[in-house]
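Start counting the sequence shown at 1; every next residue gets the next number (the UniProt record's numbering). Glycine included, each C-beta is placed from N, C-alpha and C at the ideal position. Quick caveat, the model's predicted, so the values are computed rather than measured. Have a look at the structure below before the remarks.
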Amino acid sequence: MGSSTPKPIRLAILEADTPASGIQAKYGSYGSVFRYLFERACSGLDPPQPLSSQLELSSHNIVDNLDAYPDPETIDAVLITGSKASAFENDEWIVRLTQYTRRVLEEGRVRVIGVCFGHQIIGRVLGAKVARCERGWELSVTEVELNEEGKEFFGLEKLRIHQMHRDAVLTQPPGVKNLARTNVCDTQAFYTPKRLISVQGHPEFTEDMVREILEKRRYGGIITDVLFKDGMRRVGDEHDGVAVAKLFLKFLRE
Numbered sequence: 001m002g003s004s005t006p007k008p009i010r011l012a013i014l015e016a017d018t019p020a021s022g023i024q025a026k027y028g029s030y031g032s033v034f035r036y037l038f039e040r041a042c043s044g045l046d047p048p049q050p051l052s053s054q055l056e057l058s059s060h061n062i063v064d065n066l067d068a069y070p071d072p073e074t075i076d077a078v079l080i081t082g083s084k085a086s087a088f089e090n091d092e093w094i095v096r097l098t099q100y101t102r103r104v105l106e107e108g109r110v111r112v113i114g115v116c117f118g119h120q121i122i123g124r125v126l127g128a129k130v131a132r133c134e135r136g137w138e139l140s141v142t143e144v145e146l147n148e149e150g151k152e153f154f155g156l157e158k159l160r161i162h163q164m165h166r167d168a169v170l171t172q173p174p175g176v177k178n179l180a181r182t183n184v185c186d187t188q189a190f191y192t193p194k195r196l197i198s199v200q201g202h203p204e205f206t207e208d209m210v211r212e213i214l215e216k217r218r219y220g221g222i223i224t225d226v227l228f229k230d231g232m233r234r235v236g237d238e239h240d241g242v243a244v245a246k247l248f249l250k251f252l253r254e
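Here you go:
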């Protein structure tokens, strides 16, 4: 009897940053931003499901609290969020994150999802080169080219996803399947069945979130006017964020 309803998966969201003020006011922390994404993914399942039937979410601020990590015994998966920090730096909290990620990957039971900075942390842990990308920024809704395995995995001919990065995984990590690329970044998504799924883009971002981030980065002098205008031109384009979140759910059930 009981086996017909699988238990919700215990997913710990490792928050590697605090959202911009407008995003925070509307949604809360990055844990809440991902909760909003997964709610939309669950309601888009066939038949629609409540989030609570699929996931038991917890959020952990790993930047301000080095001991915020959940005991791997108490969870089934972790999701490492994006961050304005660089995954190749050696700040204490980043080193701690790489150690924890390495531990769960080596122990093999807890699955790992990486998003942007999280994608780069996984790349670093697996021994890939992570650095500033000489080809520059990728911003706003971007078309990503899927290889044959990527098309099969995502169930799409091409992937459109919000981007917000200048750092990148520059070499292919050993032992993972590379699924996607762009002209700026050759490792847009990689995957190992039942172990990890990692994307450079931001499935959780929405038009209003990216508008705010672009404006903030323009006024802070982090991006040029040309990049800002180009990003704003595509900020409202359709994108596959919810489809990617559905794939995360499927991966967690593999």
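Legend entry - Exposure of Arg-233, with buried meaning 16 or more beta-carbon neighbours within 10 Å: Taking the sequence shown and counting its residues from 1, one reaches residue 233 at position 233. With fewer than 16 Cβ atoms within 10 Å of its Cβ, Arg-233 is classed as exposed.
Legend entry - Contact between the region 30 to 40 and the region 211 to 225 (3+ Cβ pairs under 8 Å): no
Inset, instruction - Could you tell me which of Arg-132, Asp-46, Gln-99, Thr-74 sits nearest to Ala-85, measuring between CA atoms? - result: Position 85 of the sequence shown holds residue 85. Checked all of Arg-132, Asp-46, Gln-99, Thr-74; the closest Cα to Ala-85 is Arg-132.
Legend entry - Pick from Glu-107, Ala-243, Arg-102 that is closest to Gly-118, judged by C-alpha positions: Looking up residue 118 in the sequence shown gives position 118. Among Glu-107, Ala-243, Arg-102, the Cα nearest to that of Gly-118 belongs to Arg-102.
Inset, instruction - Quick one: using the 10 Å Cβ neighbour count with 16 as the cut-off for buried, is Gln-99 buried or exposed? - result: Translated into the one-based positions of the sequence shown, residue 99 becomes position 99. Its Cβ having fewer than 16 others within 10 Å, Gln-99 is exposed.
Inset, instruction - Tell me, to the nearest whole angstrom, how far the beta carbon of Ile-13 is from that of Ser-58; I am working on the premise that it is less than 8 Å. - result: For the purposes of this step, residue 13 is identified with residue 13 of the sequence shown, where counting begins at 1. For the purposes of this step, residue 58 is identified with residue 58 of the sequence shown, where counting begins at 1. With 8 Å as the limit, Ile-13 and Ser-58 qualify as a contact, their Cβ atoms being about 7 Å apart.
Inset, instruction - Please confirm whether Ala-180 and Gly-150 have their CB atoms less than 7 Å apart. - result: In the sequence shown, the residue the question calls residue 180 occupies position 180. In the sequence shown, the residue the question calls residue 150 occupies position 150. For Ala-180 and Gly-150, yes; Cβs fall inside 7 Å.
Legend entry - Whole-angstrom C-beta distance between Glu-212 and Ala-16, which should lie under 8 Å: Numbered from its first residue, the sequence shown carries residue 16 at position 16. Numbered from its first residue, the sequence shown carries residue 212 at position 212. Between Glu-212 and Ala-16 the Cβ distance is about 18 Å, and since that is not below 8 Å, they are no contact.
Legend entry - Secondary structure of residue 279, DSSP reduced to three states: For the chain, the structure presents residues 1 to 254; residue 279 sits outside this window and is missing.
Inset, instruction - Report all residues from its chain with a CB closer than 6 Å to the CB of Phe-248; omit the five preceding and five following residues, and keep chain order. - result: Locating residue 248 in the sequence shown gives position 248, counting from the first residue. Excluding positions up to five away in sequence, the list reads Ile-113.
Inset, instruction - Decide if Gly-2 is buried, meaning its Cβ has at least 16 other Cβ atoms within 10 Å, or exposed. - result: Here the question's residue 2 lines up with position 2 in the sequence shown. At Gly-2, the pLDDT of 47 sits below 50, so the modelled position is not reliable; the number obtained from the coordinates is stated separately. It counts as exposed.
Inset, instruction - Confirm the yes/no value for this check: CB of Val-112, any heavy atom of the ligand FMN, distance under 6 Å. - result: Among the ligands in the structure shown, none appear at all, so the ligand FMN cannot be discussed.
Inset, instruction - Please name the residue in Val-141, Arg-109, Glu-73 whose C-alpha comes closest to that of Asp-208. - result: For this step, residue 208 is matched to residue 208 along the sequence shown. Nearest of Val-141, Arg-109, Glu-73 to Asp-208, Cα basis: Val-141.
Legend entry - Endpoints, beta strand (DSSP E) assigned at Val-210: If you number the sequence shown from 1, residue 210 lands on position 210. Here Val-210 belongs to no beta strand (DSSP E); instead the alpha helix (DSSP H) covers 207 to 219.
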